[in-house]
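Engineer:
Numbering (the numbering used here), first residue to last: 24 to 183.
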């Protein structure tokens with residue numbers, strides 16, 4: 024479980040020195056199969072296609088998927104991209120510096136979402152369970168290309 028799960032807020036108020044409010048908009052994932060992963064993420068997480076774009080000089084094609092709640096996933100494809108080492112567990116992911124996993128907060132049935140992810144072609148990593156914090160349920164799975172996805176839900180009374 025990420026250290027930031029101690030606070031359930033996804034945005035921050037401006038500091039006294041700033042007028043900016045920051046929220047998470049999207050995460051970008053480089054993929055081998057743009058259409059396959061767009062279908063996977065769209066169907067599992069009920070995301071809709073917001074737009075597509077290409078950057079011809081970079082050989083890049085992309086699709087941005089968006090949730091009703093406002094967060095998004097940008098899937099990026101280049102024919103010459105390479106597959107890095109893939110982690111098979113959250114413990115392995117933190118042995119390398121850089122992005123280790125995508126974490127999504129689930130407000131309804133975590134177990135159902137986990138099963139939907141597996142049925143859509145994802146792989147099991149950590150079955151749904153109570154996490155390191157006793158008021159947080161969590162699970163990990165991998166998308167069809169091996170990217171780790173953590174799903175968490177806060178139990179009643181978390182943070183109080």
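By construction, the Cβ of each residue, glycine as well, lies at the ideal position given by its N, Cα and C atoms. Treat the numbers as computed from the prediction; the structure is a model and nothing was measured.
Can you tell me whether residue 88 is buried or exposed, with buried defined as 16 or more other CB within 10 angstroms of its CB?
Structural biologist: Counting every other CB atom within 10 Å of its CB across the protein chains shown gives residue 88 a total of 16 or more, marking it as buried.
Engineer: Among residues of its own chain, excluding the 5 on either side of residue 159, which ones have a beta-carbon nearer than 8 Å to its beta-carbon?
Structural biologist: Result list for residue 159: 24, 28, 153, 175, 176, 177, 178 and 181, in chain order.
Engineer: Can you look up residue 63 in the DSSP assignment and give me helix, strand or coil?
Structural biologist: helix
Engineer: Helix, strand or coil for residue 68, going by three-state DSSP, please let me know.
Structural biologist: helix
Engineer: Please list, in chain order, all residues of the same chain as residue 67 whose beta carbon is under 8 Å from its beta carbon, the five residues on each side excluded.
Structural biologist: 136, 139, 140, 143 and 145
Engineer: For residue 149, which residues does DSSP report across the bridge?
Structural biologist: 163
Engineer: Of the choices 132, 124 and 58, whose alpha-carbon is the least far from that of residue 173?
Structural biologist: 124
Engineer: Only counting runs of 3 or more residues, tell me where the beta strand (DSSP E) segments fall wholly within the segment 70 to 111, in order along the chain.
Structural biologist: For the segment 70 to 111, whole beta strand (DSSP E) runs of length 3 or above, ordered along the chain, are 71 to 78, 83 to 89 and 95 to 101.
Engineer: Answer with buried or exposed for residue 162, where buried requires no fewer than 16 other C-beta atoms within 10 angstroms of its C-beta.
Structural biologist: buried
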